[in-house]
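Numbering of the sequence shown is given in the working numbering, commencing with residue 11 and proceeding in unit increments.
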Amino acid sequence: MTTEALEAAPIARDAGWRDVAAVIGARGLARLRKVTAAIRPLAWVLMALAIGFWILGQVAGWAEFTVAAVVIAITVVLCALFLIGRTAYDVSLDLARTRVVVGERAVGGLKLANHGTRAILPSRVVLPVGSGRGEFGIRRLAPGEEAEELFAIPTQKRGVVKVGPVSVVRGDPLGLFERAHRRDDPVDLFVHPKTILFDGQSLGYLRDLEGLPAADLSRDDVSFHALLEYQPGDDLRHVHWKSTARTGTMMVRQYEETRRSHFVIGLSRAAAEYATGDDFELAISVAGSIGLRAIRDSQRVDVRVQGRELPAGTGKQLLDSLSAVTHSKPRRGGIEDLAGVVARTMPLASVVVLICGSKVRSDDLRLACSRLPFGARVLAIVADRSASSPALRRIGDADVVTVGSLEQIPLALQKVLA
């Protein structure tokens, strides 16, 4: 064996022992974390008191402190015994509906089953619901036995409520120790905003094949404009053969570009633009109602808020997206900044509906409407709960209506179309 090999052998053994020690240390640390996670703050206090009383009793010779230390230690040990036992439930979390409207009752069920061969002692089940949580006491379950708990979720506020994950908790009566095991995956409950259904097209716009003609000219579209001399690269399908035969020069059709039925909703979520939280909720409900009407009219619908575009391909996607809408940060800007984003990202929009609060100034609303794509029909809706009836006014080329409730939307749109 060479000298290099002799010198390398101890190094390799040392490296092997270090690896083994690292693995053992990591496993030991993980076990220690599990143990300490089950100890509540009160248990740490009692253990510290027991040690302190024991030392004081031994040093000062006071038997009372020694007895107190022993009593506390026995109490802690007895409470720790409550952690012994299995919590291997098969947990099933089921919501009757994962989508409800604000105010509707949301009901769910929690089923726990013992599919093991030994009984499971009584335990406690914790079910997080949004920012709160519910607790259920589960009796002793024999092998093959099941337990079911029903619960109701309050839905007074719009939002996306995360239900779960379920935690099975084993602890003692004094609350010194608590061992929790997570089961199942969380479920999202979508609390949709209130909407209103109304007849007819939301704004009475064209639904034909051609869309709305624009000022731009194109070599390929639907709306015929004029005849031009053939240029290399033109589509031969657009050759006008009668004119070609009459003039002796190959002529092709020229078309006007058309705006397809593209319905855009710009919903401002700037907190400074709304007088109250109810006005903001009304604005979201207005966006949902008008968006659903446009979707039913087979229009392409896009919804834009400060910072992002909301999925709105179907009615379900639209309402799910609106359920999660919250106020934006001040740096995101107001309705005029949102209008600028709409103009940049959706230049071919045929209909744009801006929705904001009553604290938006007329000058800001005029600026927002002026930034929108040229040729698009613009409607601005102001949400103001204090309005007893819909009011219509004109700002530039845009119609501006103020509504105080969802029921006023059909009447407000009739005023716009009148």
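Note that the Cβ used here is the ideal one computed from N, Cα and C, for glycine as well.
### Query
If we count Cβ pairs, one from each stretch, closer than 8 Å, do we get three or more for the stretch 254–264 versus the stretch 352–365?
Counting Cβ pairs under 8 Å, fewer than three are found: no touch.
### Message
Which residue wins for smallest C-alpha separation from residue 339, given the options 402, 426, 117, 280?
### Response
Closest option to residue 339, Cα to Cα, is 280.
### Query
Quick one: is residue 387 buried, meaning 16 or more other Cβ sit within 10 Å of its Cβ, or exposed?
Looking at its Cβ environment, which holds 16 or more other Cβ atoms inside 10 Å, residue 387 is buried.
### Task
In angstroms with no decimal places, state the Cα-to-Cα distance between residue 358 and residue 385.
Rounded to the nearest angstrom, the two C-alpha atoms are 9 Å apart.
### Task
Quickly, what does DSSP pair residue 474 with across the bridge? List them, please.
For the chain, the structure presents residues 11 to 428; residue 474 sits outside this window and is missing.
### Pairwise C-alpha distance: residue 160 and residue 118
Straight-line Cα distance between these residues: approximately 6 Å.
### Supposed contact pair residue 107 and residue 294 - C-beta distance, whole angstroms, cut 8 Å
That belief does not hold up - the Cβ atoms of residue 294 and residue 107 are roughly 20 Å apart, past 8 Å.
### Query
When you compare only the Cα positions, how much space is there between residue 303 and residue 404?
Their Cα atoms are separated by approximately 24 Å.
### Task
Decide yes or no for the touch test of the stretch 49–58 against the stretch 81–98: beta carbon pairs closer than 8 Å, at least 3 of them.
In this structure the stretch 49–58 touches the stretch 81–98; the number of beta carbon pairs closer than 8 Å is three or more.
### Message
My parser needs the beta strand (DSSP E) runs of 3 or more residues fully inside the stretch 67–155; what are they?
### Response
Correct list: 100–105, 109–111, 116–123, 133–139, 142–148.
### Message
Please give the ranges of any alpha helix (DSSP H) in the stretch 361–421, keeping only runs that are unbroken, at least 4 residues long and fully inside the region.
### Response
Here the runs fully enclosed are 372–380.
### Every unbroken beta strand (DSSP E) within the stretch 235–292, with a cutoff of 3 residues, ordered by chain
Counting whole runs of 3 or more residues, the stretch 235–292 contains the beta strand (DSSP E) stretches 261–269, 272–277.
### Message
According to DSSP, simplified to helix, strand and coil, what is residue 323?
### Response
For residue 323, the secondary structure class from DSSP, reduced to helix, strand or coil, is coil.
### Query
Are residue 135 and residue 120 closer than 8 Å when you measure CB to CB?
One thing to note: residue 135 has its Cβ within 8 Å of the Cβ of residue 120.
### Message
Using a Cβ-Cβ cutoff of less than 8 Å, which residues in the same chain neighbour residue 398 once the five nearest sequence positions on both sides are dropped?
### Response
Hits under 8 Å: 414.
### the ligand MG heavy atom lying under 7 Å from the CB of residue 295
Among the ligands in the structure shown, none appear at all, so the ligand MG cannot be discussed.
### Query
Mind checking whether residue 116 and residue 105 have CB atoms under 8 Å apart?
Going by beta carbons, residue 116 and residue 105 fall inside the 8 Å limit.
### Query
Tell me the DSSP bridge mates of residue 160?
Bridge pairing for residue 160: 119 [DSSP].
### Query
Are residue 271 and residue 241 closer than 8 Å when you measure CB to CB?
For the 8 Å CB-CB criterion, residue 271 and residue 241 do not form a contact.
### Message
Applying the 10 Å Cβ sphere with the 16-neighbour rule, what's the burial state of residue 418?
### Response
By the neighbour-count rule (16 or more Cβ atoms within 10 Å), residue 418 is buried.
### Message
For residue 289 and residue 138, what's the separation of their Cα atoms in angstroms?
### Response
Rounded to whole angstroms, the separation of the alpha carbons of residue 138 and residue 289 is 30 Å.
### Task
State the DSSP-derived secondary structure class of residue 208, mapped to helix, strand or coil.
DSSP, reduced to helix, strand and coil, places residue 208 outside both helices and strands of the structure shown, so it counts as coil.
### Message
Classify residue 334: buried if its beta carbon has 16 or more other beta carbons within 10 angstroms, exposed otherwise.
### Response
Under this definition residue 334 is an exposed residue.
### Task
Can you grab the Cα-Cα spacing for the pair residue 407 / residue 274, in whole Å?
Going by the C-alpha atoms only, they are around 17 Å apart.
### Message
Less than 6 Å between C-beta atoms, sequence neighbours within five positions excluded: which residues of the same chain meet that for residue 425?
### Response
Answer for residue 425: 402, listed in chain order.
### Query
residue 200 bridges to which residues according to DSSP?
Here residue 200 is bridged, per DSSP, to 109, 170.
### Message
Let me check understanding here. Comparing Cα to Cα, which of 252, 427, 122, 378 lies closest to residue 156?
### Response
It is 122 whose Cα lies nearest to the Cα of residue 156.
### Task
Ignore the nearest five residues each way along the sequence and tell me which others in residue 52's own chain have a CB closer than 7 Å to its CB.
185, 186, listed in sequence order.
### Task
Go through its chain and collect everything with a Cβ distance to residue 345's Cβ below 8 Å, but skip five positions before and after it.
Excluding positions up to five away in sequence, the list reads 276, 278, 280, 283, 364, 366, 370, 374, 375, 378.
### Task
Specify the secondary structure class of residue 426 as computed by DSSP and reduced to three states.
Helix.
### Query
For residue 133, which of 144, 173, 148 has the nearest alpha-carbon?
Of the candidates 144, 173, 148, 148 places its Cα closest to the Cα of residue 133.
### Task
Specify the secondary structure class of residue 338 as computed by DSSP and reduced to three states.
Reduced to three states, the DSSP call for residue 338 is strand.
### Secondary structure of residue 230, DSSP reduced to three states
Residue confidence for residue 230 is low, a pLDDT of 43 falling below 50, so the modelled location carries little weight; the figure read from the coordinates is stated next. Assigned with DSSP and collapsed to three states, residue 230 falls in coil, not helix or strand.
### Query
Excluding the five sequence neighbours on either side, which residues of its own chain have a C-beta within less than 8 Å of the C-beta of residue 260, listed in chain order?
Within the same chain, residue 260 has close Cβ partners 239, 240, 249, 254.
### Message
Measuring only the C-alpha atoms, how far is residue 427 from residue 400?
### Response
Whole-angstrom Cα-Cα distance: 14 Å.
### residue 333 (DSSP reduced to helix, strand or coil)
Assignment of residue 333 by DSSP, reduced to helix, strand and coil, places it in the helix class.
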